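Undergrad:
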Amino acid sequence: MKWETFASAALLAACAAAGTAQQPPRPAVLTIQVDKPVSPVSPTLYGLMTEEINYSYDGGLYAEMVRNRTFRADWSGLNDWLLLEKGDSAAAISLDQTTGPSDALPRSLKLEVQTADAHDPAGVLNDGYWGMELRPNTTYHGSFYAKSDGPDAVTASLVSNPTGRTLATATVTGIGGAWQQYTFVLKTGAIAAGPRNHLELTVARPGTLWLQLVSLFPPTYHDRANGNRIDLMEKLAAMHPSFLRFPGGNYLEGDRIADRFQWKKTIGPLVDRPGHPSPWHYFSTDGMGLLEYLEWCEDLKMQPVLAVYAGYSLMGQHVNPGADLDPYVQDALDELEYVTGSADTQWGAERAKDGHPQPFHLTYVEIGNEDWFDRSGSYDGRYAQFYKAIKAKYPDLQLIATAPVKSVQPDVLDEHYYLRATEFFHDATHYDKTDRKGPKIFVGEWATREGVPTPNFGAALGDAAWMTGLERNSDIIVMASYAPLFTNVNPGGLQWDTDLIGYNAEKSYGSPSYYAQVMFANHLGNETPASTLENGGAKFFYSVTHDSAKKKLYLKLVNAASAPQPIDIRFTGASLTASARLITLSAPDTQATNSIADPTNIVPVDSTVPTGAGVLHHTMPPYSIQVLVLDQK
Ligand code: AHR
535 MKWETFASAA
545 LLAACAAAGT
555 AQQPPRPAVL
565 TIQVDKPVSP
575 VSPTLYGLMT
585 EEINYSYDGG
595 LYAEMVRNRT
605 FRADWSGLND
615 WLLLEKGDSA
625 AAISLDQTTG
635 PSDALPRSLK
645 LEVQTADAHD
655 PAGVLNDGYW
665 GMELRPNTTY
675 HGSFYAKSDG
685 PDAVTASLVS
695 NPTGRTLATA
705 TVTGIGGAWQ
715 QYTFVLKTGA
725 IAAGPRNHLE
735 LTVARPGTLW
745 LQLVSLFPPT
755 YHDRANGNRI
765 DLMEKLAAMH
775 PSFLRFPGGN
785 YLEGDRIADR
795 FQWKKTIGPL
805 VDRPGHPSPW
815 HYFSTDGMGL
825 LEYLEWCEDL
835 KMQPVLAVYA
845 GYSLMGQHVN
855 PGADLDPYVQ
865 DALDELEYVT
875 GSADTQWGAE
885 RAKDGHPQPF
895 HLTYVEIGNE
905 DWFDRSGSYD
915 GRYAQFYKAI
925 KAKYPDLQLI
935 ATAPVKSVQP
945 DVLDEHYYLR
955 ATEFFHDATH
965 YDKTDRKGPK
975 IFVGEWATRE
985 GVPTPNFGAA
995 LGDAAWMTGL
1005 ERNSDIIVMA
1015 SYAPLFTNVN
1025 PGGLQWDTDL
1035 IGYNAEKSYG
1045 SPSYYAQVMF
1055 ANHLGNETPA
1065 STLENGGAKF
1075 FYSVTHDSAK
1085 KKLYLKLVNA
1095 ASAPQPIDIR
1105 FTGASLTASA
1115 RLITLSAPDT
1125 QATNSIADPT
1135 NIVPVDSTVP
1145 TGAGVLHHTM
1155 PPYSIQVLVL
1165 DQK
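Using this note's numbering, you'd call the opening residue of the sequence shown number 535 and step up by one each time.
Okay, structure coming up:
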């Protein structure tokens, strides 16, 4: 059905339902004074917030296919690894606590083979993160650390679960008695793509083989070694995010101080990274370490918003300000030097050694996470101590506080909102009256929490209503980021309901909320023109921004009601071209959604509308989010 026909049919249906046949509802009247900017729009308004939660990196963005590659996922060390005894072979596996290739990885998987030969090999298999996605004619890069007192060759094979067919295989030879890294390449042929596959490592001789850091990577985004999944990076790229807030979130803090994100243990060769338990109750390999986060920023042209551990952990442990906190402050200063220092500084040299001589540009540093949970009252003092030390060395850095503080005026305050759609409807004006003389605001986490594992269309309506308020107030809201960003949708993959993007080993999808973000973030002007609204309904929201360089006007409209919303839009102070682009995201019901099985049920639809002479008579469908892109003549 054509849009105009749909709109008038929907209007008539609504009138009939309301018993007002012939009398469509009175239109809202929106007047936009294009030539009268009232406030600037932050160019960094839309960005990403990320942490290791819901298998966001391991089993998610970080493209590693081998699960529990360092044998630390559980107490046994052998989670996700199974013994393979083909034919008449006989073998056993165990966790050897006494030997490993590095101080960081002092343990290993021990494969003791009593009987094996080329026909009946023995070994281990790994099922990956709920499967291993294989594509036709694709190259996979593998590696492991090993030592042996017998078998001097290991065969790596990718095997189909349903058929048992070997889809790619390679043999590594020359394995000796000292720990060493070995690499291999597995190439698939004309196979059907799919995730129901596993990796086998087998030997054809009796003896003992020790393994550690078994790894397999598919092609990655920008072909980075140790890199990221292409489909997920493409989804993020489509959002045009301006920043990445990392590494948390709760993940920064850890349950206890010992479990915090210790950045120094996340850099350098993977074999020197011990990994750590995360507050989201699974083990993190730290393959996604500090440098990988920064390279992720580089790949998507985002600025890093680096959160440094500030002496408070989730279960209530804290470090008192003063001498006790000094080592943590120094650790943050070292981290800032690693990120921004030239290669002739101590930590800049370390970064260069890790393969990135060029310093990264950094503007924002966040001191802690959600320190309003710290009941000890120590945050004020902790923030001030970090603030003074960082500003002394890096006066230009903008320092974000995660709770209100009094002893110093923070540059930016991070505020979080996890609400229902109706709450966001009521709160869309939240920042309209905020004091413009206080700190700038970073809405570092927010989401409408409706829908599992990813938000439904009702949530997208709540999000869009909230985003109109963020845009209108982006003279003080410098940045905002939805959270959490990712979830693996397999059973057991989720720790937090309602996540923006879902995936399994095979594919990924964007929720309706994801598409709302894409629509908003891709159409952000540099100033907000004056506007007035008359007769707007309780579930109608809008924001308007103007790109003065491109001479484009972006009008975001949200109709969260079950009836159509007529609007007369008047533009003053500019003449517009005869037609405008209209992008529509809508659904028949708030519970409608996207899923791994139905990934594109709700996606933006493009159309063109005439702008009219001075007044654009527009009707929004029920439950809809729209962006009108208008060009000035
Ligand atoms: O986004 C999930 C969690 O919510 C974050 O880790 C934490 O900062 C907040 O409480």
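Built from N, CA and C at the ideal position, the CB exists for glycine as well. Please read all numbers here as calculations on a predicted model, not as lab measurements.
For the candidate residues Ala687, Leu745, Val719 and Val575, whose alpha-carbon lies nearest to that of arginine 603?
TA: Leu745
Undergrad: Which residues share a DSSP beta bridge with glutamate 979?
TA: As a beta-bridge residue in DSSP terms, glutamate 979 pairs with His950.
Undergrad: Under 8 angstroms from any heavy atom of the ligand AHR, does the C-beta of alanine 1017 make it?
TA: yes
Undergrad: Which ranges does the beta strand (DSSP E) cover as unbroken runs of at least 3 residues, wholly within the region 1051 to 1101, from first to last along the chain?
TA: 1061 to 1068, 1074 to 1081 and 1086 to 1093
Undergrad: Please state whether DSSP places proline 571 in a helix, a strand or coil.
TA: strand
Undergrad: Flag glycine 782 as yes when its Cβ comes closer than 8 angstroms to any non-hydrogen atom of the ligand FMN, and as no otherwise.
TA: The model depicted lacks the ligand FMN and carries the ligand AHR instead.
Undergrad: If you scan the region 844 to 887 from start to end, which runs of the alpha helix (DSSP H) of 4 or more residues do you find wholly inside it?
TA: 860 to 874 and 880 to 887
Undergrad: Compute the Euclidean distance between the alpha carbons of glycine 581 and alanine 771, then round it to the nearest angstrom.
TA: 11 angstroms
Undergrad: Can you pull the DSSP bridge partners for arginine 603?
TA: Beta-bridge pairing links arginine 603 to no other residue.
Undergrad: Can you tell which of Gly684, Leu896, Gln567 and Gly676 has its C-alpha closest to the C-alpha of threonine 649?
TA: Ranking the options by Cα distance to threonine 649, first place goes to Gly684.
Undergrad: CB-CB under 7 angstroms to alanine 962, same chain, minus the five flanking residues each way: which ones, in chain order?
TA: Ala999, Trp1000, Thr1002, Gly1003 and Phe1075
Undergrad: Per DSSP, leucine 668 is paired with what?
TA: Gly728
Undergrad: Apart from the five residues on each side of it in sequence, which residues of its chain come closer than 6 angstroms, Cβ to Cβ, to glutamate 667?
TA: Pro729, Ala1039 and Glu1040.
Undergrad: Enumerated in chain order, which unbroken segments of the alpha helix (DSSP H) with a length of 4 residues or greater are wholly contained in the region 879 to 932?
TA: Every unbroken stretch of the alpha helix (DSSP H) spanning 4 or more residues and falling wholly within the region 879 to 932 is given here in chain order: 880 to 887 and 913 to 927.
Undergrad: Rounded to whole angstroms, what is the Cα-Cα separation between phenylalanine 1054 and threonine 1062?
TA: 14 angstroms
Undergrad: Mind reading off the beta-carbon distance from glycine 1036 to serine 1045? Whole number of angstroms is fine, and I expect it under 8 angstroms.
TA: 7 angstroms
Undergrad: Hey, how far is the Cα of arginine 779 from the Cα of methionine 836?
TA: 10 angstroms
Undergrad: May I ask you to list the residues that DSSP assigns as paired with alanine 650?
TA: Alanine 650 has no beta-bridge partner at all, per DSSP.
Undergrad: Just checking tyrosine 827 against the ligand AHR - is the residue's beta carbon closer than 8 angstroms to any of the ligand's heavy atoms?
TA: no
Undergrad: Which one or two residues does DSSP pair with glutamine 1125 in a beta bridge?
TA: Partner(s): none; glutamine 1125 has no beta bridge.
Undergrad: What separation, rounded to the nearest whole angstrom, lies between the Cα atoms of serine 501 and glutamine 1160?
TA: The question about residue 501 has no answer, for the chain in this structure spans 535 to 1167.
Undergrad: For the alpha helix (DSSP H) that contains asparagine 784, what are its first and last residues?
TA: For asparagine 784, the enclosing alpha helix (DSSP H) stretches over residues 784 to 787.
Undergrad: For valine 1163, which residues from the same chain have a beta carbon less than 7 angstroms from its beta carbon, with the 5 sequence-adjacent residues on both sides left out?
TA: His1057, Lys1086, Tyr1088, Ala1114 and Arg1115
Undergrad: Should threonine 736 and glycine 657 be called a contact, given that it needs their Cβ atoms to be closer than 9 angstroms?
TA: yes
Undergrad: Using the three-state DSSP reduction, which class does methionine 1001 fall into: helix, strand or coil?
TA: helix
Undergrad: Does the distance from the CB of leucine 743 to the CB of serine 682 come in under 9 angstroms?
TA: yes
Undergrad: Can you tell me whether DSSP reads alanine 712 as helix, strand or coil?
TA: coil
Undergrad: Count the other CB atoms within 10 Å of the CB of glutamine 880; is the residue buried (16 or more) or exposed (fewer)?
TA: Counting of Cβ neighbours within 10 angstroms places glutamine 880 among the exposed residues, the total staying below 16.
Undergrad: Beta-carbon within less than 7 angstroms of alanine 923's beta-carbon, same chain only, minus the 5 sequence neighbours each way: which residues are those?
TA: Val863 and Leu867
Undergrad: Measuring only from the beta carbon, is methionine 583 closer than 8 angstroms to any heavy atom that is part of the ligand AHR?
TA: yes
Undergrad: Tell me the DSSP secondary structure of threonine 956 in three-state form.
TA: helix
Undergrad: In the DSSP assignment, what are the bridge partners of glutamate 734?
TA: Leu659 and Ser691
Undergrad: Where does valine 1023 land, buried or exposed, given buried means 16+ other C-beta within 10 angstroms?
TA: buried
Undergrad: Can you grab the Cα-Cα spacing for the pair glycine 911 / threonine 936, in whole Å?
TA: If you take the alpha carbons of glycine 911 and threonine 936, they lie about 13 angstroms apart.
Undergrad: Roughly how many angstroms lie between the CA atoms of serine 623 and alanine 687, to the nearest whole one?
TA: 16 angstroms
Undergrad: Please state whether DSSP places tryptophan 744 in a helix, a strand or coil.
TA: strand
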